[in-house]
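First to last, the protein sequences are chains V and Z.
No gaps in the numbering here: position 307 of the first sequence is 307 in this note's numbering, and each next residue is one more.
No gaps in the numbering here: position 52 of the second sequence is 1052 in this note's numbering, and each next residue is one more.
Even for Gly, the Cβ is constructed at its ideal location relative to N, Cα and C.
Working notes for the structure below.
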Amino acid sequence: MPDYKWPEGTKRSLMGKHISRIDAPEKVTGKAKYTHDRKLPDMLYGRIVRCPYAHAKVVSIDTSVAEKMPGVKAVSIVQGPGKEIFWAGDEVVAIAATSEALACDAARAVKVEYEQLPHLVNEEDLSRAGDRAQKPEERTDGDPDKGFKEAEVVSEGLYGAPVITHCTLETHGSLTSWEAEDKLLAYISTQAISDVGAGFAQPLKLPAANVHVVQDHVGGAFGSKFAADRWDVEGAVLAKKAGKPVRMVLERDEEQVVAGARPSTFAKVKVAARKDGTLLAWETLSWGTGGLTGGGASPVPYVWRIPNRLKHYSVETNIGPARAWRAPNHPQACYITMCALDDLAAMIKMDPLDLFLKNIEMTAPRADLYKEELLKAAEMMDWKKKWHQRGDTSPGHLKKGMGLSIHTWGGRGHVSENRLTIYPDGSVSCELGSQDLGTGTRTVIAIVAAETLGLPVEGITVKIGDSKYPKSGGSGGSTTVGGVSASTRRASVDALSLLFQKVAPALGADPANLEAVGGKIQVKGDPGKSLTWKQACAKLGVTPVVATGKCIGGRDELTNQGVGGVQMAEVTVDIETGVVKIDKMVAVQDMGLVIDMTTAESQITGAITMGISYTLFEHKIMDEHLGRMVNPNMEFYKLAGIGDIPPIDVYIVTGKKQDDRGVIGLGEPPVISPGAAIANAVTNATGVRVPSLPLTPDRILAALEKKGGLS
Amino acid sequence: MARSRDPETKPKKGLSRRAFLSRGAGLAITAPIVTGTGLPAPQGAAADVKILGPEKVPITLRVNGKSHTLSVEPRVTLLDALRVNLDYTGAKKVCDRAVCGSCTVIMGGKAVYACSVLAVEAQGKDIVTVEGLSTTGKLHPIQQAFIEHDASQCGFCTSGFVVACKALLDKNPNPTMKQIEEGLAGNLCRCGTYTGIRQAVLTAAKTMKGGQTNA
């Protein structure tokens, strides 16, 4: 049985070190090709006519004028007369023309009559949801009644995280081309190379095997790009009608309206405790929406196992449908939970760090690790020196505050297969039907293969982004790094063992007694007896060595799940303008065995940056009367800019204990805590709680005013 | 950050941006209507302004030192001309209205949002795209520094940032952190690469002062 287990720390020359991402040169030179950049001869441009109403019935459609317009090559009715439309922006007619501008001209010439129906687009006020609020989901863990009876203090609060969008810089879209009557080539912006083809195959009545999916690079996904969307399928329909490839790429406004919404959660929370901070019980009344399908309950209380009761209303609204957003439900649950605990701590005038440490056993099964991480973060932040009781009482309009939060995530590797080839000229390729979302997937594959084969990273050619390669899972749930590193490790070990068999006679040694180190194949314990990698591969003659390695997912021993992390924020709030400035963020994170320290650190700083963005700025704002999104763009749907980001100090827990866990995903965990950590810091500074994100100046000033003016 | 509306880049005669936009493609609007908007009437409008379109017109663009002749409708932006007609796909279309900076190119020595410049008005000016920074096959120090500091993730904003950094350092070879943040305030990233970008600019500035620049 080959030994696949990860090499010991002392034997690693690449894994865990700082290694630059291997596709960075393509990206910094503009050579990296994204779906948006793809072109095919005679390509047409697709455009969708979208319903302007949040809830309506299509009465009639007249495409006659559009069809006769210059450059128009195909028109397809997506939802015809009689169809009920449930959100503004849903697809009604698709058009393909010879240029983007002509397609837009034609789309404007399509006449659609609608019968408007009643809509609901805002859910923050549950009392106005009427029959759109479903029968509540209810559950109880432990005996909260006992805790509430024993309570010496009960803290109550309202907390909410609104619907936000993914706002991927590369909008959703595809370029589809019929290679034969029943064979489709799809360049699509996706996070699921091996799976996304099925989304074309089913509606187009093709065998899934006949859809060839290709994508080198994707300009952001964050959970919103798993499926082939209806506009992609309509692109293929138009391509068939016109007999030409069709590029169907969303405009920014379409992206913001229909291509991704993170469900909201609002919650009224009661926390019971003793005056010494011992947590006793918890009660949640929550509600939220992710569009027509409502919104499920967020896991509140989050991380902390407090006896509790939850009642949750899923509110059906007429907004573009929900999609998974980096760490689904966790940022919302984290915000509600950590803010409620912070409010409790303030009520009993306790440092929330002490409250967390006092109750740390409730974070089982990783209580010891959380404690270690809290203390480490406190040291990095100089927490004990900087923290003060709620409300900065120093003179002046600039108030300083400190906040903290903890989070968790799964992250076990997904099913993956890597076909590794060692060629007689010494080159090595890895082929996987995977994708690199900018997380560093290519880089970790190259590092694992290079480490195992004793080669430099440049010695490995990573081929991903094509559905013809062996299947690898979609990049969701932080499962990619575990999956591809495990499959790559096994493929590399097996390929090397085949190479050893070919090389052993030349070295006069038993194949089992060979090792690959520093670009050489050598006899263990006798490094003088060796061949360079090139000499060794030349022994293959004309036949490459090919080995396929797998990660089986769930029970795979090279990967694991369950990480923890702590984040702390230091902020300054101008109580005259309501503007929040973040002065510093600290992140302490465990993630099992680290493969590339550079891209791991970037995942954390990147996630915190995204977290700052959703905490301070992001909100999909819906007009109650029109039923439409009022900020479907990037000037009023704000993202954090370079000046909004403070120094971010990152500490990744390493060492044998972490190594022994195996590889665990990191993409999602660090995006969970920023909302709570920053909001708690703002509250610590101002003395008032802003119930719902984002922490925009108007909300902060409103909360201050409610308290009775500026302090 | 009204980069693309720098008065110095406005043509002195012929087709001005304002005159063009106030007319729309292929439509001549008389002076009183322009005056009615509260804007000053263009100088000698009737005599000087050449009306283009709506059909395609031939234009010449000088990109990365090479002249290209192409035929575009006057409403086509510089970004679309670069990406669609000339296959310079480094500049990306993201917001398409001068907010995010992913389409940043250097035109006449200044960083502009290519999504908000018409191709017809980009004629006669030197245009530098991200592809023009490493024409000798050697990476520009800014590109090298971006790699060193892991200043790209998905990479979709990266071209725009690299070009914006070039324009910033051309103008101010020794920027403070505050000046870097101001200079790059017109570019947005979704993955969160700002911390790497800040370090990359400092490193690139240092390298470029050492005379190792190739552009």
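Contacting residues, own chain, Cβ-Cβ under 7 Å from residue i (five flanking each side not counted)
| i | result |
| --- | --- |
| Leu169 (chain V) | Gly219, Gly220 |
| Thr1089 (chain Z) | Arg1083 |
| Pro646 (chain V) | Ile582, Asp583, Lys584, Met585 |
| Thr461 (chain V) | Ser427, Val428, Ser429 |
| Met1177 (chain Z) | Arg1198 |
| Thr443 (chain V) | Ile19, Arg21, Ile22, Asp596, Thr599 |
Beta-ladder partner(s) of residue i, from DSSP
| i | result |
| --- | --- |
| Glu84 (chain V) | V:Lys57 |
| Cys430 (chain V) | V:Leu420, V:Val462 |
| Pro1141 (chain Z) | The partner list for Pro1141 (chain Z) (beta bridge, DSSP) is empty, contrary to what the question assumes. |
| Lys551 (chain V) | As written in the sequence, residue 551 (chain V) is Cys, which differs from the Lys given in the question. According to DSSP, Cys551 (chain V) bridges with V:Ser416. |
| Trp282 (chain V) | V:Val271, V:Asn308 |
| Asp590 (chain V) | V:Val653 |
| Thr140 (chain V) | V:Arg309 |
| Gln567 (chain V) | V:Ser405, V:Ala587 |
| Gly288 (chain V) | V:Ser314 |
| Leu740 (chain V) | Residue 740 (chain V) lies beyond the stretch modelled for chain V, which goes from 1 to 711, so this question has no answer here. |
Neighbourhood of residue i by C-beta distance below 6 Å, restricted to the same chain and skipping five residues each side
| i | result |
| --- | --- |
| Asp96 (chain V) | At residue 96 (chain V) the sequence reads Ala, which differs from the Asp that was named. Only Leu44, Gly46, Lys73, Ala74, Leu238, Ala242, Val246 meet the Cβ criterion. |
| Glu757 (chain V) | Nothing can be reported for residue 757 (chain V): it is not among the residues displayed for chain V, which extend from 1 to 711. |
| Glu601 (chain V) | Val650 |
| Pro1175 (chain Z) | none |
| Gly197 (chain V) | Ala208, Val211, Val213, Ser467 |
| Gly296 (chain V) | none |
| Glu137 (chain V) | Ala297, His312 |
| Ala103 (chain V) | Tyr45, Arg47, Ile95, Ala97 |
Beta carbon proximity, residue i to chain A, threshold 8 Å
| i | result |
| --- | --- |
| Asp1170 (chain Z) | Here the protein chains are V and Z, and chain A is not one of them. |
Beta-carbon contacts of residue i that lie in its chain and below 8 Å, excluding the five residues immediately before and after
| i | result |
| --- | --- |
| Ser1067 (chain Z) | Thr1060, Leu1061 |
| Cys339 (chain V) | Gly157, Tyr159, Ala676, Ala679, Asn680, Thr683, Arg689 |
| Asn318 (chain V) | Ala54, His55, Phe86, Trp87, Ala88, His119, Leu120, Val121, Gly291, Leu292, Gly627 |
heavy atom of the ligand NAP below 7 Å from residue i C-beta
| i | result |
| --- | --- |
| Arg1062 (chain Z) | Among the components of this structure there are no ligands whatsoever, and the ligand NAP is therefore not found. |
Going along the chain, which residues of the stretch 4-30 of chain V sit with their C-beta nearer than 7 Å to a C-beta in chain Z? So the list reads Ser20, Arg21, Ala24, Pro25, Lys27, Val28, Thr29, Gly30, given in the order they occur along the chain.
Which runs of the beta strand (DSSP E) spanning at least 3 residues fall entirely within the stretch 290-332 of chain V, listed in chain order? If we require 3 residues or more, the beta strand (DSSP E) runs fully inside the stretch 290-332 of chain V come out as 308-314.
Contact residues within the stretch 633-647 of chain V, judged by C-beta distance below 7 Å to chain Z: Hits within the stretch, in order: Asn633, Met634, Glu635, Leu639, Gly641, Ile642, Gly643, Ile645.
Any chance you could list the beta strand (DSSP E) runs of at least 3 consecutive residues sitting entirely within the stretch 494-529 of chain V, in chain order? Runs found: 514-517, 520-523.
Give a yes or no on contact between the stretch 70-89 of chain V and the stretch 22-34 of chain V, applying the rule of three or more CB pairs nearer than 8 Å. Note that the stretch 70-89 of chain V does not touch the stretch 22-34 of chain V; fewer than 3 beta-carbon pairs, one per stretch, sit closer than 8 Å.
Would you list, in sequence order, the uninterrupted alpha helix (DSSP H) runs of no fewer than 4 residues that lie entirely inside the stretch 92-131 of chain V? If we require 4 residues or more, the alpha helix (DSSP H) runs fully inside the stretch 92-131 of chain V come out as 100-108.
Three or more C-beta pairs under 8 Å: does that hold for the stretch 230-237 of chain V against the stretch 182-190 of chain V? These segments touch.
Say whether the stretch 648-662 of chain V touches the stretch 584-594 of chain V, bearing in mind that this needs 3 or more beta-carbon pairs closer than 8 Å, one atom from each stretch. Yes, since at least three Cβ pairs between the stretch 648-662 of chain V and the stretch 584-594 of chain V fall closer than 8 Å, the two stretches touch.
Runs of 4 residues minimum, wholly inside the stretch 633-677 of chain V: which ones carry the alpha helix (DSSP H) assignment? For the stretch 633-677 of chain V, whole alpha helix (DSSP H) runs of length 4 or above, ordered along the chain, are 656-661.
Select from the stretch 1194-1212 of chain Z all residues with a C-beta closer than 8 Å to any C-beta belonging to chain V, and list them in chain order. If you check each beta-carbon in the stretch 1194-1212 of chain Z against every beta-carbon of chain V, the ones closer than 8 Å belong to Tyr1194, Thr1195, Gly1196, Ile1197, Arg1198.
Does the stretch 397-404 of chain V touch the stretch 504-517 of chain V, meaning 3 or more C-beta pairs lie closer than 8 Å? By the Cβ rule, the stretch 504-517 of chain V does not count as touching the stretch 397-404 of chain V, because fewer than three pairs are nearer than 8 Å.
For the stretch 1076-1090 of chain Z against the stretch 1106-1122 of chain Z, do three or more pairs of beta-carbon atoms, one drawn from each stretch, fall closer than 8 Å, so that the two count as touching? The stretch 1076-1090 of chain Z makes contact with the stretch 1106-1122 of chain Z, as at least three CB pairs between them are under 8 Å.
Cβ-based contacts, 9 Å cut-off: residues of the stretch 385-411 of chain V near chain Z: Listed in sequence order: no entries.
Taking contact to mean at least 3 C-beta pairs separated by less than 8 Å, is the stretch 208-217 of chain V in contact with the stretch 145-164 of chain V? By the C-beta criterion, the stretch 208-217 of chain V is judged not to be in contact with the stretch 145-164 of chain V, since fewer than 3 inter-stretch pairs fall below 8 Å.
The stretch 249-270 of chain V: positions lying closer than 8 Å to chain Z by Cβ: Within the stretch 249-270 of chain V, those residues whose Cβ lies closer than 8 Å to any Cβ of chain Z are, in chain order, Glu251, Arg252.
Unbroken alpha helix (DSSP H) runs of length 4 or more, entirely within the stretch 1144-1197 of chain Z: which are they? Secondary structure within the stretch 1144-1197 of chain Z: the alpha helix (DSSP H) runs of 4 or more consecutive residues, fully enclosed, are 1158-1171, 1177-1183 (chain order).
Can you pull out the residues from the stretch 1118-1139 of chain Z whose beta carbon lies closer than 8 Å to at least one beta carbon of chain V? Contact residues of the stretch 1118-1139 of chain Z toward chain V are Thr1129, Val1130, Glu1131, Leu1133, Ser1134, Leu1139 (C-beta to C-beta distance below 8 Å).
Does the pairing of the stretch 1085-1105 of chain Z with the stretch 1155-1164 of chain Z give three or more beta-carbon distances under 8 Å? Touching, yes, given that three or more Cβ pairs across the two stretches are closer than 8 Å.
Residues in the stretch 1058-1079 of chain Z with C-beta within 9 Å of chain V's C-beta atoms, listed in sequence order? The residues in question are Glu1073, Arg1075, Val1076.
Any 3 or more C-beta pairs closer than 8 Å across the stretch 315-324 of chain V and the stretch 359-378 of chain V: Output reads no: the stretch 359-378 of chain V does not touch the stretch 315-324 of chain V.
Evaluate contact between the stretch 275-282 of chain V and the stretch 137-154 of chain V, counting only Cβ atoms and requiring at least three cross-stretch pairs below 8 Å. Yes: at least three Cβ pairs fall under 8 Å.
Sufficient close CB pairs (3 or more, under 8 Å) joining the stretch 562-575 of chain V to the stretch 364-373 of chain V: The stretch 562-575 of chain V is in contact with the stretch 364-373 of chain V.
Under 9 Å (Cβ pairs) to chain Z, residues found in the stretch 593-625 of chain V: Under the 9 Å Cβ criterion, the stretch 593-625 of chain V contributes Thr598, Thr599, Glu601, Ser602, Gln603, Thr605, Gly606, Ala607, Ile608, Thr609, Met610, Gly611, Ile612, Ser613.
Validate contact between the stretch 546-565 of chain V and the stretch 663-672 of chain V using beta carbons, cut 8 Å, 3 pairs: Three or more pairs of CB atoms, one per stretch, sit closer than 8 Å, so the stretch 546-565 of chain V contacts the stretch 663-672 of chain V.
Name the residues in the stretch 110-131 of chain V whose C-beta lies less than 7 Å from a C-beta of chain Z; which are they? Per Cβ criterion, the list is empty.
Would you call the stretch 398-418 of chain V and the stretch 685-696 of chain V touching, i.e. three or more CB-CB distances under 8 Å? They touch, by the three-pair rule.
Counting only runs of 3+ residues fully inside the stretch 1037-1113 of chain Z, write out the beta strand (DSSP E) ranges in chain order. Those beta strand (DSSP E) runs which fall completely within the stretch 1037-1113 of chain Z and span 3+ residues are 1057-1063, 1066-1072, 1104-1107, 1110-1113.
Touch check for the stretch 53-69 of chain V and the stretch 99-118 of chain V: three-plus C-beta pairs under 8 Å? In short, these stretches touch, since the Cβ pair count reaches three.
With 9 Å as the limit, tell me which residues of the stretch 215-241 of chain V have their beta carbon closer than that to any beta carbon of chain Z; keep them in chain order. Listed in sequence order: His217, Val218, Gly219, Gly220, Ala221, Phe222.
Contacting positions in the stretch 435-459 of chain V - beta carbon closer than 9 Å to chain Z: Per Cβ criterion, the list reads Asp436, Leu437, Gly438, Thr439, Gly440.
With a threshold of 8 Å, are at least 3 pairs of Cβ atoms found where one atom belongs to the stretch 506-524 of chain V and the other to the stretch 466-485 of chain V? Pairwise C-beta distances place the stretch 506-524 of chain V out of contact with the stretch 466-485 of chain V, as fewer than three of them are shorter than 8 Å.
Chain Z contacts from the stretch 31-45 of chain V (Cβ-Cβ distance under 8 Å): For the stretch 31-45 of chain V, which is checked against every Cβ of chain Z, the residues closer than 8 Å are Lys31, Ala32, Lys33, Tyr34, His36, Asp37, Lys39.
Is there contact here, the stretch 1181-1198 of chain Z with the stretch 607-620 of chain V, by at least three beta-carbon pairs under 8 Å? The stretch 1181-1198 of chain Z is in contact with the stretch 607-620 of chain V.
Check whether the stretch 410-420 of chain V and the stretch 479-499 of chain V touch, using three or more Cβ-Cβ pairs below 8 Å as the test. Yes, the stretch 410-420 of chain V is in contact with the stretch 479-499 of chain V.
Ignoring anything shorter than 4 residues or poking outside the stretch 347-399 of chain V, list the alpha helix (DSSP H) runs there in chain order. Counting only runs of 4 or more, we get 352-358, 367-381, 383-386.
Would you list, in chain order, the members of the stretch 656-670 of chain V that have their beta-carbon closer than 7 Å to a beta-carbon of chain Z? Here the close residues number zero.
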